[in-house]
Amino acid sequence: MASDTVTPAASAGPANRNIKNVVLDMGGVLMTFNGLSFARHYTETEKDALLLHQAYFGRNEWALLDAGVIAVPTMERIAQAHLPERLHPNLAACAADWQRYSVPIPQTEELVKDLKAQGYGLYLLSNASREIDKQLDHCPAYQLMDGRVVSGFERLMKPDPSIFTLLCERYDLDPASCLFVDDNADNCRGAEAAGMRAFHFTGDADALRVHIEALG
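Here is the structure:
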């Protein structure tokens, strides 16, 4: 399994390949992320699911969790203040293990397998909390990664170009040899500011495959 301390490996593939490394976001690219969908597993009505989603996944403070500034217990306490007390047990259950309902996206998983077979370096770059492994432990594509950078451990977040530079420095990558893939256009612009190429992923893995092939 990939980790924060993976030893950099030389990029494989033809020496004349323009793009040697593909850097992938997690939520919305490798794994599903839908707070309302997750909340439905812990509530009995759509109204309560919406309340839970808005109080936990939908608050601005969620970004502080991904940034490593606060931990899950703090995020849970913040959410409690915005929920009726009767839903506090639902919130506790959701906060403990919602990640099991985040599932791999089959089309991207297949593409990652193909890219690995073709010799591309593969890296994960995600805005996520320190509990990211609760999702990645059931993400087959992650097992093929050569390394990762996760915002919650670094206290840097996309789209700050610094987090892309950190990835390249940690794994000795030339930014110009990297294609970054994210479902957030702002994050793509951050990657470009750091010298990478970027692809705004909208769910079409075939379009991503064609784009990578066209880059050569």
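In this note's numbering, each number is its position in the sequence shown, counted from 1, plus 33.
Backbone N, C-alpha and C define an ideal beta-carbon position, used for all residues, glycine too.
Per DSSP, R181 is not a residue of any alpha helix (DSSP H); the beta strand (DSSP E) it occupies stretches across 180–183.
If you look at S159, you'll find it in the beta strand (DSSP E) that goes 154–159. Only residues of its own chain outside the window of five on either side were considered, and among them H121 have a CB closer than 6 Å to the CB of Q113, listed in chain order.
Under DSSP, the beta-bridge partners assigned to M64 are G60, P137.
Pairing D216 with G61 gives a Cβ-Cβ distance under 8 Å. Inter-residue distance for P194 and C211 is about 14 Å (C-alpha atoms, whole angstroms). Under the DSSP assignment, A231 falls in the beta strand (DSSP E) whose first and last residues are 230–233. Going by DSSP, V102 is part of no beta strand (DSSP E) at all; its letter is neither H nor E.
Annotation for D215: the continuous beta strand (DSSP E) segment containing it runs 211–215. In terms of Cα proximity to M64, the closest of K80, L85, V136, S159 is V136. One thing to note: E164 has its Cβ no nearer than 8 Å to the Cβ of Q140.
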